[in-house]
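What follows is a short report on a single structure.
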Amino acid sequence: MKITVETHFNRQLKVFANRPKTIIEMLERAVTAFPDKEAFVSAEERVTYREFYGRVENVAGNLSTIYGVRKGDRVGLLVGNRIEFAVLVFACARIGAIAVILNTRLKAQELSFMLNHSGASVLLFEGECFNKVETLKADITTVDHFFLIGNVATEMHTYTPYEILLQPASAPVSEILETDPLFIMYTSGTTGVPKGAIASHLGVIHGALSYECMLKTNYQTKTLIAVPLFHVTGLVGQLIHMVQVGGTSVLMDKYKTDKYIQLLAEENITFLFNVPTIYVMMMSHPDFSKYTYHAVRTLAFGGAPMSMDTILGLRKAFPAAELQNAYGATETSSPTTIMPRHVSPDKLQSVGRPIPVADVKVVDENGEECAPGEAGQLLVKGPMVIQGYWNNEEANKRSFIDGFWYSGDVAVIDKDGFVFIMDRMKDMINRGGEKVFSVEVENVLYNHPGILEAAVVGVPDKLYGETAKAFVVPNPNVEIGEEEVRQFVRERLAEYKVPSTVEFISALPRNPGGKIIKSQLKEGSLSKQQFINSTGNS
């Protein structure tokens, strides 16, 4: 793909020259090339690109002509992994409306804040969220129209059924620029008020094109989406990425390991993109050995360390597949770095090299660029980086400086250009002046055969000020002791990095976005409810 330099958002950026200017143009290219090919598959139906485009046009037309949705209006989507979600994202793009992507796992109070903050005038929600919507209605001031998706019980008849939007209609012609906002996705931070990241057509398209370029996907690619579509991995890394290449997305409304394995085999899936936990649960399930997986060509992962045992197990189970790590964020429209194919073993703990249109660097506390191998804050620049946060000038001034997004991640870039994520800046442990990166210790713990999950945090210490403490989730039916864990780390890392204490728990606390809430581990405020694994289990 040819790369040139252009200026967008007052930033000089490397961009792909031959790119669609909007995701609607991207969809139209796919419809022209593959009209009768399956675009989306769910438990209920299989939809071709031609059929999907027709639904997009109808919904966009009805939202605009009947309900007055115009360019720049915000439309709330409280929808899970359904084909309707995809239709709505593209329908909003068709008329220039901005989709407000809402996490269905959030509480009513959290959702109310996001709807009010974004100024959404329309809310579309699925039946499972009915009680939440009933609760939040009194607190939202901007929403004029509510649409209900799915089976409608008697008590739900007060809401307009989504099916009305599927009636034949033509969307008006609207000039959409590639720098126009496409969607707002609220960051799932563990502290503070969520920030609404504004993703543009330009950014999302470059995210999809980067995956196509680095993962070597094409129209024959078929992905199984189990991660939520209200996250950038599912929405950009898989769904919109598949539209770009003319591939197929198989949607799981809820992750269940046995069903995931069955679909993986029966649908001849070729491309997977998951957090490591899903791969571990999949390979540990008794049904996993019932099938073969020769169709799979790419296994992408990110978001947490991957143990060497898991890597070796995946390579054995998926002999035709490339295993590729990736790093990104909501603020980078998914990708920042992707692991190249065929790397040497000493790079396996890396998150790969920057995507072709990204500029990345690591800076010290004074803003000076670090030398190769020196740790500092990772800065990212590129067309995939969001234009800013919705209605939050303070955060914009703090996070976007001289064209770079300040990630808040501590990283190292080696002499070969490979990026290693060491820690979140706020999670770095200062043990008597020695820096301990929690991710480095976690990477070691994940390679212990008896450990399923682990998290390392800093805890107060009278002598050193702060020391490392490890929270460990053992593998099922495995007994391991504290000293065994500490010795395992001691044999692999310097003594000052060895956790002073180890606590065994049933599961790590996670927020609705699936991120580990380390602040709760530090505070010791664990509860049974917080032990729920956000990815689900079977």
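Residue 567 in the working numbering sits at position 17 of the sequence shown; the count goes up by one each step and never skips. Ideal Cβ positions, reconstructed from N, Cα and C, are used throughout, including at glycine. Remember, predicted model here, so these are calculated numbers, not experimental data.
Among all the DSSP beta bridges, which residues are the ones paired with G626?
Within the sequence shown, the letter at position 76 stands for residue 626. DSSP output for G626 lists V650, L673 as bridge partner(s).
Can you tell me whether Q562 is buried or exposed, with buried defined as 16 or more other CB within 10 angstroms of its CB?
As a working note, residue 562 is residue 12 in the sequence shown. With fewer than 16 other beta carbons inside 10 angstroms of its own, Q562 counts as exposed.
Sequence-distant residues of its chain with Cβ nearer than 7 Å to E762 (five each side left out):
The residue labelled residue 762 in the question sits at position 212 within the sequence shown. The beta carbon of E762 is closer than 7 Å to those of H791, Q794, V795 in its chain, skipping five residues each way along the sequence.
Going by beta carbon distance, what residues of the same chain come within less than 7 Å of H558, once the five residues before and after it are set aside?
Position 8 of the sequence shown, counted from the first residue, corresponds to residue 558. For H558, where only same-chain residues beyond five positions count, the Cβ hits under 7 Å are T729, L752, P933.
Buried versus exposed, by CB contacts within 10 Å (16 or more), E1003:
Translated into the one-based positions of the sequence shown, residue 1003 becomes position 453. So E1003 ends up on the buried side.
Taking all protein chains shown into account, decide if L715 is buried (16 or more other Cβ within 10 angstroms of its Cβ) or exposed.
By one-based count along the sequence shown, residue 715 stands at place 165. Burial call: buried.
Name, in chain order, the residues that DSSP records as bridge partners for S799.
Locating residue 799 in the sequence shown gives position 249, counting from the first residue. Its beta-bridge partners are F590, T773.
Minimum length 3: unbroken beta strand (DSSP E) runs contained in the segment 919-986
926-931, 954-963, 969-974, 979-981, 984-986
Label K931 either buried or exposed according to how many other C-beta atoms from any shown protein chain fall within 10 Å of its C-beta, with 16 as the threshold for buried.
If you number the sequence shown from 1, residue 931 lands on position 381. Buried.
What runs of the alpha helix (DSSP H), each 4 residues or longer, lie entirely inside the segment 712-773?
Entirely contained in the segment 712-773, the alpha helix (DSSP H) runs reaching 4 residues are, in chain order, 751-765.
Let me confirm a value: D896 is counted as buried when at least 16 other C-beta atoms fall within 10 Å, else exposed. Which label applies?
Along the sequence shown, one-based indexing puts residue 896 at 346. Per the 10 Å Cβ criterion, exposed.
Could you compute how far the alpha carbon of T692 sits from the alpha carbon of R620?
Within the sequence shown, the letter at position 142 stands for residue 692. Within the sequence shown, the letter at position 70 stands for residue 620. Computed Cα separation, rounded: 15 Å.
Where does L1043 fall in DSSP's three states?
Counted from its first residue, the sequence shown places residue 1043 at position 493. Three-state DSSP puts L1043 in coil, outside helix and strand.
DSSP puts K866 in a beta bridge; with which residues?
For the purposes of this step, residue 866 is taken as the residue at position 316 of the sequence shown. According to DSSP, which records beta bridges pairwise, K866 is partnered with nothing at all.
Can you give the beta carbon distance from I648 to C642, rounded, assuming they're within the 8 Å contact cut?
Counting from one through the sequence shown, the residue named residue 648 turns up at place 98. Counting from one through the sequence shown, the residue named residue 642 turns up at place 92. Sure, about 7 Å apart at Cβ, within 8 Å.
Could you tell me the boundaries of the beta strand (DSSP E) in which F697 lies?
Counting from 1 along the sequence shown, the entry for residue 697 is found at position 147. Unbroken beta strand (DSSP E) run through F697: 695-699.
So if DSSP puts V910 in a beta bridge, which residue, or which two residues, is it bridged to?
In the sequence shown, the residue the question calls residue 910 occupies position 360. DSSP lists V930 as partners of V910.
To which residues of the same chain is D914 closer than 6 Å at the C-beta, ignoring the five residues directly before and after it?
Numbered from 1 along the sequence shown, position 364 holds the residue referred to as residue 914. These residues qualify, in order along the chain: C920, G926.
For G983 and N631, the rounded distance between their alpha carbons
Counting from 1 along the sequence shown, the entry for residue 631 is found at position 81. Counting from 1 along the sequence shown, the entry for residue 983 is found at position 433. Approximately 47 Å, taken between the alpha carbons.
To the nearest whole angstrom, what separates the beta carbons of N980 and E1016, a pair I think is in contact under 8 Å?
Numbered from 1 along the sequence shown, position 430 holds the residue referred to as residue 980. Numbered from 1 along the sequence shown, position 466 holds the residue referred to as residue 1016. Between E1016 and N980 the Cβ distance is about 5 Å, and since that is below 8 Å, they are a contact.
Is the beta carbon of R847 sitting closer than 9 Å to the one on E872?
Indexing the sequence shown from 1 puts residue 847 at position 297. Indexing the sequence shown from 1 puts residue 872 at position 322. Cβ distance < 9 Å, so R847 and E872 count as in contact.
Spatially closest choice to S668 from L774, A747, P711, S614, by CA coordinates:
Your numbering for residue 668 matches position 118 in the sequence shown. Of the candidates L774, A747, P711, S614, the one whose C-alpha sits nearest the C-alpha of S668 is A747.
Other residues of its chain near M972: CB distance less than 7 Å, five sequence neighbours each side excluded:
Locating residue 972 in the sequence shown gives position 422, counting from the first residue. Result list for M972: A925, V960, A961, V962, F987, V989, E990, in chain order.
Which whole-angstrom value is the C-beta distance of K587 and T572, which I expect to be below 8 Å?
Sequence index remark: in the sequence shown, residue 587 carries index 37 (1-based). Sequence index remark: in the sequence shown, residue 572 carries index 22 (1-based). 21 Å between Cβ atoms; not a contact.
Which residue wins for smallest C-alpha separation from D803, given the options G863, F780, A870?
By one-based count along the sequence shown, residue 803 stands at place 253. The residue with the shortest Cα to Cα distance from D803 is F780.
Consult DSSP for N1027 and reduce its assignment to one of helix, strand or coil.
In the sequence shown, counting from the first residue as 1, residue 1027 sits at position 477. If DSSP states are grouped into helix, strand and coil, N1027 belongs with coil.
Which value, in whole angstroms, describes the spacing of the CA atoms of K745 and P731?
For this step, residue 745 is matched to residue 195 along the sequence shown. For this step, residue 731 is matched to residue 181 along the sequence shown. Going by the C-alpha atoms only, they are around 15 Å apart.
Return the CA-CA distance between L813 and G863, expressed in angstroms with no decimal places.
Residue 813 sits at position 263 when you count from the first residue of the sequence shown. Residue 863 sits at position 313 when you count from the first residue of the sequence shown. Distance between the alpha carbons of L813 and G863: 20 Å.
Using the three-state DSSP reduction, which class does E1012 fall into: helix, strand or coil?
For the purposes of this step, residue 1012 is identified with residue 462 of the sequence shown, where counting begins at 1. Inspection of the sequence shows that residue 1012 is occupied by Lys rather than by Glu. Correct three-state label for K1012: coil.
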